[in-house]
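As you go down the protein sequences, you meet chains H and C in turn. The first sequence begins at 54 in this note's numbering and counts up one residue at a time. The second sequence begins at 54 in this note's numbering and counts up one residue at a time. The structure appears right after this line, and notes come after that.
2 protein chains.
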Amino acid sequence: MSTRVLQHPDAAEIRLEAVLHALADPMRLEVVCFLAAHGGEAGCAEIDLGVSKSTGTHHYRVLREAGVITQVYRGTAKINSLRRDDLDALFPGLLDSVVTAAARRVRV
Amino acid sequence: MSTRVLQHPDAAEIRLEAVLHALADPMRLEVVCFLAAHGGEAGCAEIDLGVSKSTGTHHYRVLREAGVITQVYRGTAKINSLRRDDLDALFPGLLDSVVTAAARRVRV
DNA sequence: CTCGTAGTACGATGATTGACGTACAAGCCG
DNA sequence: CGGCTTGTACGTCAATCATCGTACTACGAG
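Right, here's the structure in full:
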């Protein structure tokens, strides 16, 4: 039906538990870290999660519905962006501490 | 067998995903907020979660095994303490931002 | 010793979730 | 147009999770 427009929760509707739950999955955490490290933009295909496309779609959807990322179509590709502004405004310091902690975790 | 000694993960074994997962549940988040607001000590019975004892035990166990809280027996009661030092050392700022965000969330 | 309180252990159960394959839609390119 | 790439929708399956009830242990008070 050619929607091509993706629904995102309003900033005021972002729920802390949903964000934490979205971040609790290692795969989604990796996506967030990737976006945080790359200026917040990346196509779905640029982040190799090692899972099937369906599963990837599923995880991106969870992140989007939790209000963690924004997704925009650009041709056939879909660009994912971190909603850093909204997250920082709602939960100051949360994103940074999680990303920092995740980066350290990888090193260990 | 009178174990009466509870096993806690070592500080180095605390996993970010486990902590996030533990914090993602509203009930456990409430426990953490309560402990954070009360100097980090409280018996299981002091925090009314509105669920059965079994469920309460389950949630406390998840928190303990994730390395979020410490549990010590004092007579028949069990005292829960936040592992603030360990968490702050491993994931600087994480606990504060989550607790702050949760407190704000309740107000909304 | 007996009882009450505080919490554990052990299933059981229903809901949610993660992962997948297949079939399909939308946009680019030859 | 026809094929390729990119991602979605849908149904399925297994695993995990939150919740509970019941039976039990440990401790303190009387």
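Glycine residues also receive a C-beta, built at the ideal position from the N, C-alpha and C atoms. Everything numeric in this text was worked out from a predicted model, so none of it was measured.
Using a beta-carbon distance below 8 Å, is Pro62 (chain C) in contact with chain H?
no
Take Leu102 (chain H) and list the residues in its own chain whose beta-carbon comes closer than 6 Å to its own, dropping the five residues that flank it on each side.
Met80 and Gly109
Quick one: which residues of the region 87-106 of chain C get their C-beta closer than 9 Å to a C-beta of chain H? List them in chain order.
none
Closer than 8 Å to chain H by CB, Val151 (chain C)
yes
I need the boundaries of the alpha helix (DSSP H) containing Ala90 (chain H), first residue and last residue.
Pro79 to Ala90
Is the region 119-127 of chain H close to the region 65-83 of chain H, with three or more CB pairs under 8 Å?
yes
Taking the alpha helix (DSSP H) that Thr108 (chain H) falls in, what are its first and last residues?
Lys106 to Ala119
Cut-off 7 Å between Cβ atoms - residues of its own chain near Ser55 (chain C), not counting five sequence neighbours on either side:
With a pLDDT of only 42 at Ser55 (chain C), under 50, the local geometry of the prediction cannot be trusted, and no value is derived from it.
Under 8 Å between C-beta atoms of Gly96 (chain H) and Ile132 (chain H):
yes
With distance defined between alpha-carbon atoms, name the residue in H:His61, H:His111, H:Asp78 and H:Pro62 nearest to Arg68 (chain C).
H:Asp78
What are the residues that DSSP puts in a beta bridge with Val125 (chain C)?
C:Ile132
Taking Cβ to Cβ, would you say Glu149 (chain H) is nearer than 8 Å to Gly146 (chain C)?
The question names Glu, but residue 149 (chain H) in the sequence shown is Asp. Yes. Within cutoff.
Mind checking the region 128-153 of chain H against chain C and listing, in chain order, the residues whose C-beta falls within less than 9 Å of any C-beta there?
Leu143, Phe144, Pro145, Gly146, Leu147, Leu148, Asp149, Ser150, Val151 and Thr153
Of all the CB atoms in chain H, is at least one closer than 8 Å to the CB of Leu73 (chain C)?
yes
Who are the Cβ neighbours of Phe144 (chain H) in its own chain at under 8 Å, not counting the five residues just before and after it?
Leu69 and Val72
Apart from the five residues just before and just after Ala155 (chain C), which ones in its own chain have a Cβ nearer than 7 Å to its Cβ?
Leu82 and Cys86
Do we get a CB-CB distance below 8 Å when we pair Ala155 (chain C) with the residues of chain H?
yes
Contact check, His112 (chain C) vs Val151 (chain C) under 8 Å by CB: the rounded distance?
No, His112 (chain C) and Val151 (chain C) are not in contact; Cβ-Cβ is about 16 Å, not under 8 Å.
How many Å lie between Ala90 (chain H) and Leu135 (chain H) at the Cα?
10 Å
So that I know if they touch, is there some Cβ in chain H lying closer than 8 Å to that of Met54 (chain C)?
For Met54 (chain C), the predicted structure reports a pLDDT of 38, less than 50, and the residue's modelled location is therefore unreliable. The matter cannot be settled from this model.
Range of the contiguous alpha helix (DSSP H) that encloses Ala95 (chain C):
No alpha helix (DSSP H) contains Ala95 (chain C), which is instead part of the beta strand (DSSP E) from Glu94 to Gly96.
Would Glu66 (chain C) pass as an interface residue toward chain H - the criterion being a Cβ-Cβ separation below 8 Å?
no
Might you give, ordered along the chain, the residues of its own chain that have their beta carbon closer than 6 Å to the beta carbon of Leu59 (chain C), omitting 5 neighbours on each side?
Gln124
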